[in-house]
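Participant: Shown below is the structure under consideration.
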Amino acid sequence: MSARVVLGAQWGDEGKGKIVDMLSKDADFVIRYQGGANAGHTLKFDDKEVVLHLVPSGIFNGDAICVIGNGVVVDLEALKSELDEVRGMGVNLDGRFFISNAAHVILPYHKTVDKAKELHRGAAAIGTTGRGIGPAYKDKVGRVGIRMMDLYDKEALTEKVRFNVIDANATLRGFGQEPNIDAEQIINDTITIAELIKPFVTNAIELVHKGLSEGKQMLLEGAQGCLLDLDYGTYPFVTSSSPTSGGACTGSGLPPTAISKVMGIAKAYTTRVGNGPFPTELFDPIGEKLRKEGFEFGATTGRPRRCGWLDLVALRYAVMINGINELTITKMDILDSFDEIKVCTEYEINGERTKVFPLDAKTLDQVTPIYKSFKGWKSITRGSTDYSEIPAEAKTYLDYIQEVIGVKLKILSTGPGRKETIVMY
């Protein structure tokens with residue numbers, strides 16, 4: 018049995034889509050295991066650029082079977098739109114794309130409640146995308162969620178939607194908003210769109226385990242990043258699912274014994290979208306330069322990303338909780354023009370230094386980062402495909418990262434394109 022997990026080792030937006038796309042040519046299955054349409058995986062190949070939100074990033078490279086796992090919450094309207102786009106690019110989805118019948122769905126009332134709650138929080142807002150992710154997972158945990166399999170039982174679907182809409186309207190009323198969600202309209206619209214995607218809905222647990230028993234290569238794709246994990250992230254400024262390697266098992270149906278490789282993806286610097294602590298965030302022209310050079314704007318929301326230097330305290334923590342044994346560094350080329358490059362090696366908390374990542378968001382928000390400086394390489398790495406082309410100063414920077422976190426570099430991304438990549442071993 019052989020499965021590789023590809024996950025974000027920071028706060029998301031690390032370039033996982035490109036790496037999954039690249040690795041998928043050698044995979045038999047690509048399984049998205051958590052999150053929803055709040056994720057945006059940007060792929061660039063053959064002069065094309067496409068942003069996927071739900072369809073696994075392996076759909077364009079090779080012939081792997083792509084599965085939306087049971088850990089994903091599926092926005093039906095977003096999925097239909099995305100499938101139309103993928104088909105329009107000449108991809109035949111028949112026999113190659115499946116959705117777990119145990120995956121939960123996002124319906125319009127989830128989005129309405131999500132936006133209303135964020136508005137109600139005011140200054141304490143978490144910074145969600147407003148796409149109904151949190152409310153859908155809340156219904157899942159509260160055992161009132163609607164799964165893909167429920168869409169094809171009209172009586173059960175009708176009963177569940179009506180029940181949930183009563184609760185959603187009560188929530189809106191409590192926020193002083195007009196409780197105007199129409200259950201019957203949602204039921205009718207849902208039944209219509211469900212029929213369009215019915216051929217793809219299947220018992221994905223049986224599907225992937227059959228492949229596993231046949232020795233197929235599995236590639237598990239996470240969304241967001243492990244520092245946004247519901248249990249291990251900067252709570253409460255987190256997502257509502259588990260982007261960690263543990264979440265890969267519960268969200269795909271594969272056992273931990275199937276996983277042999279855990280690839281952590283990290284940018285050569287750090288970014289974050291939304292609210293929450295960010296120790297190395299820069300509020301100066303250097304931070305603006307990182308944002309401009311890296312085009313750091315959310316693929317899903319378009320929001321500008323907060324930018325800062327690479328945080329090795331956080332990255333070491335990500336290695337520890339995920340069992341990361343392969344490292345990928347992306348956006349190396351963005352640092353090409355910097356005179357000086359810094360990395361955070363320790364935190365100072367109340368006058369004491371530590372290499373331990375605090376689990377308390379309030380404490381993390383108050384740490385002082387301790388930096389180590391490196392001389393910039395001031396030459397072009399963009400588009401390099403061989404490690405021998407990388408400047409000595411850049412290699413020194415990369416060597417230090419590997420030494421501190423104890424994981425070897427597997428892939429170095431030198432640009433957004435599929436071919437702008439160096440594979441180390």
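Position 198 of the sequence shown, counting from 1, maps to 215 under our numbering, and the rest follow consecutively. Even glycine gets a Cβ: it sits at the ideal position worked out from N, Cα and C.
Buried or exposed: which applies to N339, given that a residue is buried once 16 or more other Cβ atoms fall within 10 Å of its Cβ?
Facilitator: By one-based count along the sequence shown, residue 339 stands at place 322. So N339 ends up on the buried side.
Participant: Quick one, are the C-beta atoms of I116 and F217 less than 8 Å apart?
Facilitator: Reading the sequence shown from its first residue, position 99 is the one you call residue 116. Reading the sequence shown from its first residue, position 200 is the one you call residue 217. Closer than 8 Å, so yes.
Participant: For A81, count neighbouring C-beta atoms within 10 Å of its own C-beta (all shown protein chains included) and say buried if the count is 16 or more, exposed if not.
Facilitator: As a working mapping, residue 81 is identified with position 64 in the sequence shown. Buried, by the Cβ-count rule.
Participant: Mind checking who L327 pairs with in its DSSP beta bridge?
Facilitator: Stepping through the sequence shown from its first residue, residue 327 is reached at position 310. Per DSSP, V360.
Participant: Going by DSSP, which residues form a beta bridge with S430?
Facilitator: The count along the sequence shown starts at 1 and reaches residue 430 at position 413. Its beta-bridge partners are T438.
Participant: Straight-line CA distance for E363 to K372?
Facilitator: As a working note, residue 363 is residue 346 in the sequence shown. As a working note, residue 372 is residue 355 in the sequence shown. Each residue's Cα considered, the two are about 5 Å apart.
Participant: Using only CA atoms, which one of D30, G29, G32 and F46 lies nearest to R21?
Facilitator: Translated into the one-based positions of the sequence shown, residue 21 becomes position 4. For the residues D30, G29, G32 and F46, the minimum Cα distance to R21 belongs to F46.
Participant: Does the distance from the C-beta atom of T398 to that of D328 stay below 8 Å?
Facilitator: Here residue 398 is taken as the residue at index 381 of the sequence shown, counted from 1. Here residue 328 is taken as the residue at index 311 of the sequence shown, counted from 1. No, Cβ-Cβ distance for T398 and D328 is not below 8 Å.
Participant: Closest to L110 by CA distance: which of R370, C361, G393 and K215 is it?
Facilitator: Your numbering for residue 110 matches position 93 in the sequence shown. Considering only alpha carbons, the answer is K215.
Participant: What separation, rounded to the nearest whole angstrom, lies between the Cα atoms of S354 and G193?
Facilitator: Position 337 of the sequence shown, counting from 1, holds the residue named residue 354. Position 176 of the sequence shown, counting from 1, holds the residue named residue 193. About 51 Å.
Participant: Taking the straight line between their C-alpha atoms, what separation do you get for T209 and L96?
Facilitator: Residue 209 sits at position 192 when you count from the first residue of the sequence shown. Residue 96 sits at position 79 when you count from the first residue of the sequence shown. CA-CA distance, T209 to L96, rounds to 14 Å.
Participant: Using DSSP with H/G/I as helix, E/B as strand and the rest coil, what is A378?
Facilitator: On the sequence shown, residue 378 is found 361 positions in, with the first residue counted as 1. Reduced to three states, the DSSP call for A378 is helix.
Participant: So, for T256: in the same chain, excluding its five sequence neighbours on each side, which residues have a beta-carbon less than 6 Å away from its beta-carbon?
Facilitator: As a first step, residue 256 must be located in the sequence shown, where it is residue number 239. Result list for T256: Q241 and L245, in chain order.
Participant: Ignore the nearest five residues each way along the sequence and tell me which others in A119's own chain have a CB closer than 6 Å to its CB.
Facilitator: As a first step, residue 119 is located in the sequence shown; it is residue number 102 there, counting from the start. If we look at A119 and ignore the five residues flanking it on each side, its Cβ neighbours are N87 and R164.
Participant: Nearest by alpha-carbon distance to T207: which of Y169, V360 and L224 is it?
Facilitator: Translated into positions along the sequence shown, residue 207 becomes position 190. Answer by Cα proximity: Y169.
Participant: In terms of alpha-carbon separation, which member of S396, Y414, P273 and I346 lies closest to K427?
Facilitator: If you number the sequence shown from 1, residue 427 lands on position 410. The option with the nearest alpha carbon to K427 is I346.
Participant: According to DSSP, which residues form a beta bridge with E83?
Facilitator: By one-based count along the sequence shown, residue 83 stands at place 66. One point to set straight first is that residue 83 is Cys, not Glu, in the sequence displayed. V47 and F114.
Participant: Of all the alpha helix (DSSP H) runs that stay within the bounds of the region 162-223, which reach a length of 4 or more residues?
Facilitator: Runs of the alpha helix (DSSP H) inside the region 162-223: 171-191 and 200-214.
Participant: Return the CA-CA distance between S259 and D63, expressed in angstroms with no decimal places.
Facilitator: In the sequence shown, the residue the question calls residue 259 occupies position 242. In the sequence shown, the residue the question calls residue 63 occupies position 46. When rounded, the distance between both Cα atoms is 33 Å.
Participant: Are G445 and G52 touching if we call contact CB-CB under 8 Å?
Facilitator: Residue 445 lies beyond the residue range present for the chain, which begins at 18 and ends at 442; the question has no answer from this structure.
Participant: Within 10 Å of its beta-carbon, does E420 have 16 or more other beta-carbons around it, so buried, or fewer, so exposed?
Facilitator: Position 403 of the sequence shown, counted from the first residue, corresponds to residue 420. Result: exposed.
Participant: Could you tell me which of G79, F114 and P125 sits nearest to L93, measuring between CA atoms?
Facilitator: Position 76 of the sequence shown holds residue 93. For L93, the closest C-alpha among the options G79, F114 and P125 is that of P125.
Participant: Per DSSP, what kind of secondary structure is K15 in: helix, strand or coil?
Facilitator: Summary: the structure shown does not reach residue 15, with the chain confined to residues 18 through 442, and so no result is reported for it.
Participant: Going by DSSP, what residue range makes up the beta strand (DSSP E) through G25?
Facilitator: Taking the first residue of the sequence shown as position 1, residue 25 is located at position 8. Element bounds for G25: S19 to G25.
Participant: Which of the three DSSP states is assigned to S405 in this structure?
Facilitator: Numbered from its first residue, the sequence shown carries residue 405 at position 388. DSSP places S405 in helix when its eight states are reduced to three.
Participant: Do three or more CB pairs link the region 59-77 to the region 270-289 at distances below 8 Å?
Facilitator: Verdict: no, contact absent.
Participant: If you check the beta carbons only, do L24 and T261 fall under 8 Å apart?
Facilitator: On the sequence shown, position 7 is the one that residue 24 refers to. On the sequence shown, position 244 is the one that residue 261 refers to. Yes, they are a contact pair.
Participant: Buried or exposed, going by whether 16 or more other CB atoms sit within 10 Å of the CB of G432?
Facilitator: The sequence position of residue 432 within the sequence shown is 415, counting from 1. Buried, since its Cβ has 16 or more Cβ neighbours within 10 Å.
Participant: With DSSP as the reference, label P294 as helix, strand or coil.
Facilitator: Residue numbering aside, residue 294 sits at position 277 when the sequence shown is read from its first letter. Looking at P294 - three-state DSSP - the assignment turns out to be coil, as it is neither helix nor strand.
Participant: Between V130, A56 and I203, which lies nearest to E99 when the distance is taken from Cα to Cα?
Facilitator: For the purposes of this step, residue 99 is taken as residue 82 along the sequence shown, with counting starting at 1. Answer by Cα proximity: A56.
Participant: Could you tell me which of R289, C266, L429 and A335 sits nearest to I48, measuring between CA atoms?
Facilitator: Sequence index remark: in the sequence shown, residue 48 carries index 31 (1-based). That would be C266, whose Cα lies nearest to the Cα of I48.
Participant: Alpha carbon to alpha carbon, how far is V89 from P73?
Facilitator: Walking along the sequence shown from the start, residue 89 turns up at place 72. Walking along the sequence shown from the start, residue 73 turns up at place 56. Straight-line Cα distance between these residues: approximately 11 Å.
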